[in-house]
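Heads up, the thing below is written out as structure tokens.
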Amino acid sequence: MDPFFQEAPTLGNPFERDTHLQAVIKRFCPPNDHAALQATLSDLGSRAAGDLAAAAASAERNPPRHIPFDPWGRRIDHIETDTGWRRLQDAAAELGIIADAYERPHGAWSRWHQALKLLLYHPSSAVFSCPLAMTDGAARALELYGAGDDQHAVFKHLTSREPAHFWTSGQWMTERTGGSDVGGTQTVARPDGHGGYLLQGTKWFTSATTSEIAMTLARIEGDPAGSKGLSLFMVKLRDAKGALNHITVHRLKDKLGTKALPTAELTLEGTPATLIGGAGGGVRKIASLFNITRIYNALCAVGGMRRALLLAKDYAEKRTAFGKPIMEHPLHQTTLARLDAEASACLLLVLHTARLLGKVECGDADDGETKLLRILTPIVKLYTAKVGIAVTSEALECFGGAGYVEDTDLPRLLRDAQVLSIWEGTTNVLCLDVWRSIEREHSLQALETEFSTRYQAIQDPACRELADLFKTRFMEATAFYREGIAQNPRQIEAAMREIV
Ligand code: MFK
Ligand code: FAD
């Protein structure tokens, strides 16, 4: 008898294979754009399984390396990255992932189009989507608060479609004192006497340390303690000769996942910096950045889930147990269907959020939609991250032992999902952001209106039964607010958990 060897799962074109994604696009895309979008995503799907996947595999095989000294002992702090990593950056520029959001070729639908590209790009990008997220956020902060020729030139680099001109940005908020509570930021900004500032302080997590610029928080000397005293700054990482600009990189983090992404600890030692949007209000200004990266986080969670499921479904057709493909076993079918339903719900939620973002950025949104975007952003970030971890974990189980074996490349999917609930605000911190948006921006009404509009449109009795259940829980969770008893922090936290 010939020895048996299991056929490996194959990705194929992840757009062509994802019938649910195609159905969603058909349902929501403006009819005139549909054919062109379909063709763009089909091309991108083929690249996601082809050259992008190959570049990502190379970047994962050759993780970044910190080279502190040159052969003669000079401090250089070079971070060596793989050619695949750099190809992924070039591809992002060519695909116009950031440019689409700012040139707005589809008007208020541009963010929605961009979101679809990201869903396919992210899972084949070795998490280059992280530098892209921060670059997009930095472009948004510059669009809102930037001034002057230099900042305009930087904006042009961040939004370029030309690989040779395209720059990326970091987002340096976390210090040793805390990533959630940035009020403890110890970085100090001293005027340089020529209108600029020199920064002194240590940043504890800086992903994409190979970026050209970074947006960061610092306290101008003499400004008050706490978050109120922080301002937003832009740092150019390298000088004209390509040497780091008064920055010492201590080491790269040894992380559970995101292995191709360089994440460093570094110290700013009199690093020249430009104040963005004037002194003070640093947290509010950097919120324009992290509200973009939080939506990217959600898109990447969904992209990761769909990728894991496509592979699991393909495998279910190829793997036989008890005399038939595992796809034909009812329990396995149910598992895949349940995971698919969860990932599909997240897909709809995040695409709707991207649509709202596009409307708000183009000035097409009414007050209710603006508030809805505000409250949905932390909700979709925290919810899709949690579901992403759970779905990816169970998707690995669908491969049996192979899902736990490194050279199948499946465990990486789970490692890369695990970070999604930590960076860009942990789950509890985002629960409190939901509360902040309710209390300060009165966004709950917008969520209730959205819910009741959708509730009334439900025809199917089974769906209505589910929606009734959801409605009861939603009303209970928000009762504290309507009844003006929002005094007890425990009760607020429990309620926020229920709402999301
Ligand atoms: C592949 C996936 C892509 C993702 C890539 C990610 C790469 C990883 C990068 C990172 O992880 S970067 C670090 C991310 N760090 C965070 O997200 C910080 C988490 N902590 C919080 O979000 C805290 O809640 C916060 C720092 C905002 C608390 O700060 P404060 O100053 O104590 O809060 P406060 O006083 O309530 O708000 C200060 C101002 O910010 C207020 O405005 P005003 O100054 O006008 O009063 C708030 O209204 C405003 N603000 C806070 N959160 C906001 C916001 N505005 C809009 N949206 C929000 N979400
Ligand atoms: P802490 O803030 O100490 O939180 C610890 C725990 O306390 C969490 O569970 C949190 O939910 C909980 N907690 C805190 N406050 C509250 C509260 N008020 N109520 C209830 N619970 C609370 N940061 C950057 O700035 N730039 C980067 O590029 C970057 N890259 C990263 C890359 C990776 C791979 C990782 C893992 C992190 C990165 N970070 C980056 C840091 C990340 O944003 C922080 O780790 C995160 O914001 C949490 O901060 P912390 O680690 O200090 O945890």
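Position one of the sequence shown corresponds to residue 15 (our numbering), numbered consecutively onward. We put the CB at the ideal spot given by N, CA and C, even for glycine. Quantities reported herein were computed from a predicted structural model and do not represent experimental measurements.
Query - contact_flag[the region 395-414, the region 163-183] where n(CB pairs < 8 Å) is 3 or more - result: The region 395-414 is not in contact with the region 163-183.
Could you please give me the residues that DSSP links to R298 through a beta bridge?
Paired residues: none, contrary to the question.
- Query: Hey, is D150 close to the ligand MFK, as in C-beta under 7 Å from one of its heavy atoms?
  - Reply: Result no, Cβ not under 7 Å from the ligand MFK.
Requested in this report: Consider the C-beta atom of N27 and the heavy atoms of the ligand FAD; say whether any pair is separated by less than 7 Å.
Outcome: For the ligand FAD, no non-hydrogen atom lies closer than 7 Å to the CB of N27.
*Which of helix, strand or coil DSSP assigns to T182*: Looking at T182 - three-state DSSP - the assignment turns out to be coil, as it is neither helix nor strand.
Would you grab the beta carbon distance between A140 and W99 for me? Rounded to a whole angstrom, and I think it's under 8 Å.
For A140 against W99, the beta-carbon gap comes to about 7 Å, under 8 Å, which counts as contact.
From L371 to C314, what distance separates their C-alpha atoms? Whole-angstrom Cα-Cα distance: 16 Å.
Checklist line | Pick from Y310, P85, L212, K255 that is closest to V394, judged by C-alpha positions | finding: The candidate whose alpha carbon is nearest that of V394 is Y310.
Quiz item: At least one CB of chain B closer than 8 Å to the CB of I452: is that the case?
Solution: Among the protein chains of the structure shown there is no chain B, as only one such chain exists.
### Proximal residues to G240 (C-beta, below 8 Å), its chain only, five neighbours per side dropped
Excluding positions up to five away in sequence, the list reads G197.
| Which residue from K242, A63, T384, T349 puts its Cα closest to that of H366? | It is T384 whose Cα lies nearest to the Cα of H366.
Tell me whether the region 257-269 and the region 122-134 touch, counting them as touching only if at least three CB pairs, one residue from each stretch, are closer than 8 Å. Touching, no.
What separation, rounded to the nearest whole angstrom, lies between the Cα atoms of V419 and P425? Taking the straight line joining both Cα atoms gives about 7 Å.
Item to complete: May I have the straight-line CA-CA distance separating A37 from V433, to the nearest angstrom?
Response: Using only the alpha carbons, I get a separation of about 30 Å.
On a CA-only basis, which of I234, L102, A326, R101 is nearest G284? Give me that one, please. Closest by alpha carbon: I234.
Item to check | 6 Å Cβ shell around I90 - same chain, five flanking residues per side excluded | outcome: Answer for I90: D84, listed in chain order.
Checklist line | Straight-line gap, A178 to M148 (C-alpha atoms, nearest Å) | finding: Straight across, the Cα-Cα distance linking A178 with M148 is about 19 Å.
Excluding the five sequence neighbours on either side, which residues of its own chain have a C-beta within less than 7 Å of the C-beta of V514, listed in chain order? The pLDDT assigned to V514 is 49, lower than 50, so where the model puts this residue is not dependable, and the model offers no usable value.
- request: Please report the Cβ distance between R154 and I306, rounded to the nearest whole angstrom; I am assuming they are in contact, meaning their Cβ atoms lie under 8 Å.
  value: R154 to I306, Cβ: 5 Å. Contact.
- Query: Would K40 be called buried (16 or more neighbouring beta carbons within 10 Å of its own) or exposed?
  - Reply: K40 counts as exposed, since fewer than 16 other beta carbons sit within 10 angstroms of its beta carbon.
Going by alpha carbons, who is nearest to L461 out of H127, Q103, T391?
Distance from the Cα of L461 is smallest, within the candidate group H127, Q103, T391, for T391.
TODO: Kindly list the residues whose CB is nearer than 8 Å to the CB of G215, restricted to its own chain and excluding five residues on each side of it in sequence; keep chain order.
DONE: These residues qualify, in order along the chain: E189, T199, Q200, T201, V202, A232, T281, L282.
So, F29 versus L55, is the Cβ gap smaller than 8 Å? If you check the CB distance, F29 and L55 come in under 8 Å.
- prompt: Should L382 and T463 be called a contact, given that it needs their Cβ atoms to be closer than 8 Å?
  reply: Residue 382 is actually Gly in this sequence, not Leu. Going by beta carbons, G382 and T463 fall inside the 8 Å limit.
Check: Between which two residues does the beta strand (DSSP E) harbouring E279 extend?
Finding: Here the beta strand (DSSP E) through E279 covers 277-289.
_Distance cut-off 7 Å: S245 Cβ against heavy atoms of the ligand MFK_ = Set against 7 Å, the gap from the CB of S245 to the closest heavy atom of the ligand MFK is not smaller.
Which partner residues of S221 appear in the DSSP bridge assignment?
Beta-bridge analysis with DSSP links S221 to T277.
_Ignoring anything shorter than 4 residues, give me the alpha helix (DSSP H) runs that lie fully in the region 432-471, in order along the chain._
Counting whole runs of 4 or more residues, the region 432-471 contains the alpha helix (DSSP H) stretches 441-455, 458-471.
Suppose the cutoff is 6 Å on Cβ atoms and the five residues either side in sequence are ignored; what does the same chain contact list for A416 look like?
Result list for A416: T422, in chain order.
Exercise. Would you mind working out which of G64, I112, T223 sits nearest V249, comparing C-alpha positions?
Key: Measuring from the Cα of V249, the nearest candidate turns out to be T223.
- Task: Please state whether DSSP places H260 in a helix, a strand or coil.
- Result: Coil, per DSSP.
What is the DSSP secondary structure of V514, reduced to helix, strand or coil? Since pLDDT at V514 reaches only 49, below the 50 mark, its modelled position is unreliable, and the value read off the structure follows with that caveat. Coil, per DSSP.
Report the CB separation of L35 from R320 in whole angstroms; it is logged as a contact under 8 Å.
That pair is a contact at about 7 Å.
Of the residues H136, S302, S435, T334, which one's Cα is nearest the Cα of W160? Checking the sequence shown, residue 160 turns out to be Gly, not Trp. Among H136, S302, S435, T334, the Cα nearest to that of G160 belongs to S302.
Just mark L109 as buried or exposed, buried being the case when its beta carbon has 16 or more other beta carbons within 10 Å.
The residue in question, L109, is buried, as its Cβ has 16 or more Cβ neighbours within 10 Å.
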